[in-house]
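Residue numbers (my numbering): 89 to 366.
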């Protein structure tokens, strides 16, 4: 098989050790057969957890996708994803456990690098799981919103950190991303720890695991509070100018109509907005 496979008897002693396990861990068949798997090949901090998985399998309760480290013959730590299966004889009696593993050392290294890049990015980045609970909160998000990681991890993003008037729309964006429909340039407010309202421009991206299963959403944000304040100030200056000012979009439809224009022409804002000027 092209996967590391090992087996232990009811005493936890190795009795199966295939070629892939030999290549991965570096120990030959003679070096492992009859040895206690947990005591001799598992790191101290994982001995209890691996023992529990093996004991459960000996009781008929199998475990899938259990991650644990193995130490190779050369002292290198490798990460293994394990499926532990109960082994029975022809009468159905439990005679041990067979473990089918997968070397995920490279994948975990990539995940750590990915996490590091996210954490040190110069944009606020947050993530939620499929339940909407925060599971990613980078340094820039901490600085912007004021909450540290411990204060947000596991909490509902929408219910606890989004203003009430935007909770439904933000939840809709997250739900779409969980369905694989991503959203770009969505504006919404966040409330900081100090109680200030900040405006955020968000790109919501679907997050998937190595099997392409949706596991959550990652949001990459941009603080646009200052930009919106400038736009409001600009709009105010236009509206109060002592000259008639109008604007049209690329289709020739009115989208700016200041007070002086209203007084001069007599049409209110409601009567002209969206209408073709010409």
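Where is the CB? At the ideal position from N, CA and C, for every residue including glycine.
It is roughly 9 Å from the alpha-carbon of residue 106 to the alpha-carbon of residue 90. Secondary structure at residue 330: coil, using DSSP grouped into helix, strand and coil.
Under the three-pair Cβ rule at 8 Å, the region 316-333 does not count as touching the region 217-228. Under the 8 Å Cβ criterion, the region 242-262 does not count as touching the region 342-358, having fewer than three qualifying pairs.
Within the model, the alpha-carbon separation for residue 277 versus residue 127 is close to 54 Å. For the alpha helix (DSSP H) assignment, the uninterrupted runs of no fewer than 4 residues enclosed by the region 244-302 are, from N- to C-terminal side, 245-249, 255-266. By the neighbour-count definition (other C-beta atoms within 10 Å, threshold 16), residue 349 is a buried residue. Contact annotation: the region 92-104 touches the region 115-134, with at least three C-beta pairs closer than 8 Å. Here residue 218 has 266, 302, 303, 304 as same chain residues with Cβ atoms under 8 Å from its own Cβ, once five neighbours each way along the sequence are excluded.
Take the alpha-carbon of residue 290 and the one of residue 357: they are about 30 Å apart. By the beta-carbon neighbour count (other beta carbons within 10 angstroms, threshold 16), residue 256 is exposed. At the C-beta level, residue 160 and residue 113 come within 8 Å of one another.
For residue 173, the pairing in a beta bridge is given by DSSP as 186.
Distances from the CA of residue 361 to each of 249, 336, 184 were compared; the closest alpha carbon is that of 336.
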